[in-house]
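Its first residue numbered 1435, the sequence shown is counted upward by one per residue in the working numbering.
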Amino acid sequence: MIIDLKFDGKYVVIIGGGLESYRKTLSFLNAGSKVLVVSMSFSSCIKKLHRMKKIDLLKAEIKDGRSFINGLNPKPDVLVAATNDQNLNTQLVKYAKEAGCMVYAIDNPLISDFIFPALARIGEVRIAISTDGRSPAMARVLRKKIEKMITQEDLLQIKLQNYVRQILKQRILDQKVRKKAIYKILKDNHIKSLLRDEKFNEAQGVAMKILEYFEIKDEGHKDLSVIKN
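Laid out in structure tokens, this is it:
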């Protein structure tokens, strides 16, 4: 089960200064988290984020997971164990859990509280692909395939649907009627054609005519097929 957790404003501690640490750091920054990266050495990419004042760094050698977690003040909302020492990662996760943190170990999804699915981003669309940790590489391959499937027409339809939903909430109280209006607009061939040609304003105008129809009190006596574009 994939759940989209909100990490905006959360305090995240990432242990490790390599490539995986960098990738996880970017994910949390994109989610609006405050990130501290802890390691004895840091990749050039992580150092760059620090120079840009996007993250904090702590140079420290961690020999014992319990002592490190006990010494963290304040305790993070999330701890990511991204070192190349599997035993240390396991320790960090164990004691961070006991301290009430959500945890993730890059080398052991079974002891992690969540996973990092491959995330396709196209405009305002986000699609998560997960293999339950079996093959992150294949998840990335599938992500690239899916990204190619989303068209500009799809993105404009999302924009139009968002606009329509806001108006419907103000004008039509009946949820069933709102749903009918939304799907009428979604399936309308004229609107699809306009969006395909990137004529958003014209598509918006057609959508408004459909909304006006659904505002009529006796809409139950109307035949949807007579709506003219």
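Beta carbons: idealized from backbone N, C-alpha and C, even for Gly.
DSSP puts L1491 in a beta bridge; with which residues? According to DSSP, residue pairing for L1491 in a beta bridge involves V1471.
Taking just the CA atoms, how far does A1562 sit from N1464? Rounded to the nearest angstrom, the two C-alpha atoms are 15 Å apart.
So, do the stretch 1533-1543 and the stretch 1505-1524 have three or more beta carbon pairs nearer to each other than 8 Å? The stretch 1533-1543, when compared against the stretch 1505-1524, does touch it at the 8 Å Cβ threshold.
Measuring CB to CB, does V1471 end up less than 8 Å from L1513? No. Outside cutoff.
Which class does M1536 belong to by DSSP, given the choice of helix, strand or coil? Strand, per DSSP.
Using three-state DSSP, classify R1457 as helix, strand or coil. R1457 falls in the helix class under three-state DSSP.
Give the single residue among V1559, V1537, S1461 and I1449 whose Cα lies nearest to the Cα of D1498. Of the listed residues, the one whose Cα sits closest to D1498 is I1449.
If you check the beta carbons only, do I1619 and I1644 fall under 8 Å apart? For I1619 and I1644, yes; Cβs fall inside 8 Å.
Beta-carbon contacts of V1559 that lie in its chain and below 8 Å, excluding the five residues immediately before and after: Close CB contacts of V1559 within its chain, under the 8 Å cut and outside five residues either way in sequence, are with I1584, D1588, L1589 and I1592 (chain order).
Does the Cβ-Cβ distance between S1467 and G1451 come in under 8 Å? In terms of Cβ geometry, S1467 and G1451 do not form a close pair [threshold 8 Å].
Opposing strand residues paired with R1560 [DSSP bridges]: The partner list for R1560 (beta bridge, DSSP) reads R1555.
Between D1652 and S1627, what straight-line distance do the alpha-carbon atoms span, to the nearest angstrom? Confidence at D1652 is low in this model, with a pLDDT of 38, below 50, so its placement is unreliable and no value can be given for it.
If you follow the alpha helix (DSSP H) that L1628 is in, where does it begin and where does it stop? Unbroken alpha helix (DSSP H) run through L1628: N1623 to R1630.
Would you kindly work out how many angstroms separate the C-alpha atoms of K1614 and A1554, rounded to a whole number? C-alpha separation (whole angstroms): 30 Å.
According to DSSP, residues forming a beta bridge with A1515: Looking at the DSSP assignment, A1515 forms a beta bridge with I1449 and A1539.
Boundaries (first-last residue) of the alpha helix (DSSP H) holding M1572: Note, M1572: alpha helix (DSSP H), P1570 to M1583.
Taking a contact to mean a Cβ-Cβ separation below 8 Å, would you say F1548 touches L1453 in this structure? Their beta carbons are not under 8 Å apart, which means F1548 does not touch L1453 by this criterion.
Distance between I1503 and G1443 (C-alpha atoms, nearest Å): Rounded to whole angstroms, G1443 and I1503 show a C-alpha spacing of 21 Å.
Cα-Cα separation, K1481 to I1437: The straight-line gap from Cα to Cα measures roughly 31 Å.
Take D1566 and list the residues in its own chain whose beta-carbon comes closer than 8 Å to its own, dropping the five residues that flank it on each side. P1543 and I1549, listed in sequence order.
Where does the unbroken alpha helix (DSSP H) through G1639 begin, and where does it stop? G1639 -> alpha helix (DSSP H) spans F1634 to E1649.
With distance defined between alpha-carbon atoms, name the residue in K1458, S1455 and F1462 nearest to F1441. Residue F1462 is the option with its Cα nearest to F1441.
For F1548, the three-state DSSP class (helix, strand or coil): In the three-state scheme derived from DSSP, where H, G and I count as helix and E and B as strand, F1548 is classed as coil.
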